[in-house]
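To start, the structure itself, in structure tokens.
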Amino acid sequence: MTVPNSPVIGPSAVPHLDVDPFAMSFFADPYPTHEKLREAGPVVYLDKWNVYGVARYAEVHAVLNDPATFCSSRGVGLSDFKKETPWRPPSLILEADPPAHTRTRAVLSKVLSPTVMKQVRDRFAAAAEARVDALLDKRSFDAITDLAEAYPLSIFPDALGLKAEGREHLIPYASVVFNAFGPPNQLRQEAIERSAPHQAYVAEQCQRENLAPGGFGACIHARVDDGEITATEAPLLVRSLLSAGLDTTVNGIGAAVYCLARFPDQWQRLREDLSLARGAFEEAVRFESPVQTFFRTTTREVELSGAKIGEGEKVLMFLAAANRDPRRWDKPDSYDITRRTSGHVGFGSGIHMCVGQLVARLEGEVMLMALARRIAKIEITGEPKRRFNNTLRGLDSLPVTITPA
Amino acid sequence: MPAITFIHADGKIERVETGEGESAMQAATRHGLDGILAECGGNAMCATCHVYVDESWLARLPAIADVEDALLDGTATERLPNSRLSCQIAITPALDGLVLRLPERQV
Chain L
1 MTVPNSPVIG PSAVPHLDVD PFAMSFFADP YPTHEKLREA GPVVYLDKWN VYGVARYAEV
61 HAVLNDPATF CSSRGVGLSD FKKETPWRPP SLILEADPPA HTRTRAVLSK VLSPTVMKQV
121 RDRFAAAAEA RVDALLDKRS FDAITDLAEA YPLSIFPDAL GLKAEGREHL IPYASVVFNA
181 FGPPNQLRQE AIERSAPHQA YVAEQCQREN LAPGGFGACI HARVDDGEIT ATEAPLLVRS
241 LLSAGLDTTV NGIGAAVYCL ARFPDQWQRL REDLSLARGA FEEAVRFESP VQTFFRTTTR
301 EVELSGAKIG EGEKVLMFLA AANRDPRRWD KPDSYDITRR TSGHVGFGSG IHMCVGQLVA
361 RLEGEVMLMA LARRIAKIEI TGEPKRRFNN TLRGLDSLPV TITPA
Chain P
1 MPAITFIHAD GKIERVETGE GESAMQAATR HGLDGILAEC GGNAMCATCH VYVDESWLAR
61 LPAIADVEDA LLDGTATERL PNSRLSCQIA ITPALDGLVL RLPERQV
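Here the protein sequences come in this chain order: L and P. Here UniProt numbering is used: position 115 in the first sequence is 115, and no number is missing along the way. Here UniProt numbering is used: position 58 in the second sequence is 58, and no number is missing along the way.
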């Protein structure tokens, strides 16, 4: 595969960069490095971890959309499942290739379909209103703990059908999962070392008898009765929702609130036209890219935009850098809630594009709508603190004060 | 290049030139046409590029795949017999002049 007009160059001509995209200093301010990665070339090589990297939109999109060449079954983190034992049993959807992936993906797509979203919409919207009630009582609060975390926690575990006990394991478990995609740095090592109780909780909750009837979890298990999946596959598919369905939306909603608090003109625009709420959330996903990176592994020697990449090589896709590539986006560093965001890769693209994207958008839309309807002003009243994770970008705390409308 | 016509819910008509290998959705978004949201970017995962195909063109379109069929059940406005997702309509020279009506909303 090639992006047109690139001369063919050998592996030695791929620019080597001495940057560590998993270092704390990088997480603190990734943007200068993203630019460096994009401008160095369409394909780069990162000596620190011996991986190829793509940071421009065209190449990120191309890699995402060629799953036969850039596979997921060898892991979507740095670890190559062909050479290393995965830290947990691989995901049947995220870490799978067609045709196996096609079957499991179809099940989760149905469980989280547009039709299902219509059914849960009123419930999600009512919970968002209730959350705003609580925030209006407080006036000053932490927009991460009390809003970005509290809201998804008030709906998603119930929507899944989880028991009330033990839910405090959910965010720590997701944090382990997303740290584990990174290299064997301190973040990953410590996360895995402390993961046993969270893993035990999650494994238990994925069992059929622990999932309330009518929830997303029970709906997955019901597919066993139709013969679409086996009884041993169902718990692992429930696990996918537990891994990827909560922390991601926490960071997505956190990103949107952080954007709207930083850019009061955009907040004003939203207040004047509540129909922009969904776009405001989507633009925050582009602008902040809560999921920053994913890896693929080459299944054969391949030429990508003139660069030859051998078989079995890890390729790191900088989704966040692609989402701000000036080759693709006009004023990429501006948060503009009226932007036409279609095509951004914040949820990925291609066959592995986020299966829960409709849940995320629904949560984001109803939450922003409830906030904008009833709050005149959001002011940041203290230094925002960043939360460090090998894959996820988001805040640990965002002190704000709100003024009622 | 083939051109296609979009008729907005308010009756406004927009003619759009398509590019090589584009879908109707891609041509619409490239021209900044309102009324097509395409939140998933053309991956057949979101049902926000819903269109009503002009009856005279319906038989000339590619068949509806299972994935599209399931998504059409979840469109924001009512699914009709001529409902399609515009990301699944690849424009070929034979579709020059295609007429697509836009629903009132996509979410």
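Backbone N, C-alpha and C fix where the C-beta goes; we use that ideal spot for every residue, glycine too.
Spatially closest choice to residue i from the options, by CA coordinates
i	options	result
residue 151 of chain P	P:Leu58, P:Ile91, P:Asp66, P:Asp96	Any answer about residue 151 of chain P is impossible in this case: the structure gives chain P only from 1 up to 107.
Gly346 of chain L	L:Leu135, L:Arg387, L:Arg105, L:Phe294	L:Phe294
Leu368 of chain L	L:Pro30, L:Ala62, L:Asn50, L:Glu272	L:Glu272
Lys48 of chain L	L:Asp18, L:Asp333, L:Leu395	L:Asp18
Ser350 of chain L	P:Leu37, P:Ala44, P:Pro93, P:Arg60	Per the sequence shown, the amino acid found at residue 350 of chain L is Gly instead of Ser. Nearest option by C-alpha distance: P:Ala44.
Phe26 of chain L	L:Arg386, L:Pro404, L:Ala405	L:Arg386
Ala55 of chain L	L:Ile378, L:Leu371, L:Ala321, L:Gln268	L:Ala321
Val400 of chain L	L:Thr299, L:Lys377, L:Arg393	L:Lys377
Leu270 of chain L	L:Ala40, L:Arg339, L:Met24	L:Arg339
Ala196 of chain L	L:Pro213, L:Val176, L:Pro184	L:Val176
Arg105 of chain P	L:Pro157, L:Arg278, L:Thr297	L:Arg278
Gly19 of chain P	P:Pro2, P:Ala63, P:Gln88	P:Pro2
Ser56 of chain P	P:Leu85, P:Ile89, P:Leu100, P:Thr75	P:Leu100
Pro184 of chain L	L:Pro67, L:Ala405, L:Phe22	L:Phe22
Leu392 of chain L	L:Gly53, L:Tyr57, L:Gly77	L:Gly77
Gly343 of chain L	L:Arg121, L:His61, L:His16	L:His61
Beta-carbon contacts of residue i that lie in its chain and below 6 angstroms, excluding the five residues immediately before and after
i	result
residue 453 of chain L	Only positions 1 to 405 of chain L appear in the structure, and residue 453 of chain L is not among them; the question remains open.
Val14 of chain L	Val43, Tyr45, Ala307
Asn179 of chain L	Leu187, Arg188, Ala191, Asn389, Asn390
Gly310 of chain L	Glu301
Ala284 of chain L	Ala255, Ala256, Cys259
Val51 of chain L	Lys314, Leu316
Glu282 of chain L	Thr341
Gly217 of chain L	Leu160, Gly161, Leu211, Val238
Pro332 of chain L	Arg324, Pro326
is_contact[residue i, chain L] using C-beta, thresh 8 angstroms
i	result
Thr29 of chain P	yes
Gly19 of chain P	no
Glu22 of chain P	no
Gly35 of chain P	no
Ala90 of chain P	no
Val107 of chain P	yes
Gly32 of chain P	yes
Ala9 of chain P	no
Ala70 of chain P	yes
Delimiting residues of the alpha helix (DSSP H) encompassing residue i
i	result
Tyr151 of chain L	150-160
Tyr52 of chain P	Run containing Tyr52 of chain P: none in the alpha helix (DSSP H); it sits in the beta strand (DSSP E), 50-53.
Ala47 of chain P	From DSSP, Ala47 of chain P is part of no alpha helix (DSSP H); its letter is neither H nor E.
Phe22 of chain L	No alpha helix (DSSP H) contains Phe22 of chain L, which DSSP labels as neither H nor E.
Chain-ordered neighbours of residue i on chain L, where CB pairs are closer than 9 angstroms
i	result
Asp73 of chain P	Ser113, Pro114, Thr115
Within chain P, the residues that residue i reaches when beta carbons sit closer than 9 angstroms
i	result
Ser349 of chain L	Cys40, Gly41, Gly42, Asn43
Glu282 of chain L	Glu39
Arg278 of chain L	Leu37, Glu39, Val107
Arg361 of chain L	Glu39, Cys46, Val107
Met353 of chain L	Cys40, Gly41, Asn43, Met45
Lys118 of chain L	Gly74, Ala76
Test: residue i CB closer than 8 angstroms to a CB of chain P
i	result
Gly382 of chain L	no
Lys331 of chain L	no
Gly343 of chain L	yes
Lys110 of chain L	yes
Arg340 of chain L	yes
Thr403 of chain L	no
Lys36 of chain L	no
Contacts of residue i in chain P (Cβ-Cβ under 7 angstroms)
i	result
Leu358 of chain L	Cys46
N- and C-terminal bounds of the beta strand (DSSP E) containing residue i
i	result
Lys385 of chain L	385-387
Leu316 of chain L	314-318
Leu211 of chain L	Run containing Leu211 of chain L: none; DSSP gives neither H nor E here.
Ser23 of chain P	Looking at the DSSP string, Ser23 of chain P is not in any beta strand (DSSP E), and its letter there is neither H nor E.
Lys377 of chain L	375-380
residue 109 of chain P	Residue 109 of chain P lies beyond the residue range present for chain P, which begins at 1 and ends at 107; the question has no answer from this structure.
Thr297 of chain L	293-298
Asp29 of chain L	Unbroken run through Asp29 of chain L: none, as it is neither H nor E.
7 angstroms Cβ cut-off: residues of chain L touching residue i
i	result
residue 139 of chain P	This structure gives no information on residue 139 of chain P, because the portion of chain P shown stretches from 1 to 107.
Contacts around residue i, its chain only, beta-carbon distance under 8 angstroms, and the 5 residues preceding and following it disregarded
i	result
Gln266 of chain L	Cys259, Leu260, Ala280, Tyr335, Asp336, Ile337
Thr2 of chain L	With a pLDDT of only 46 at Thr2 of chain L, under the threshold of 50, the placement of this residue in the model should not be trusted, and no figure is reported.
Leu236 of chain L	Pro89, Ser91, Leu92, Cys206
Thr104 of chain L	Leu92, Ile93, Ala96, Ile229, Glu233, Leu237
Own chain partners of residue i with C-beta closer than 7 angstroms, once the 5 adjacent residues on each side are dropped
i	result
Ile144 of chain L	Gly254, Leu395, Asp396, Ser397, Leu398
Cys40 of chain P	Cys46
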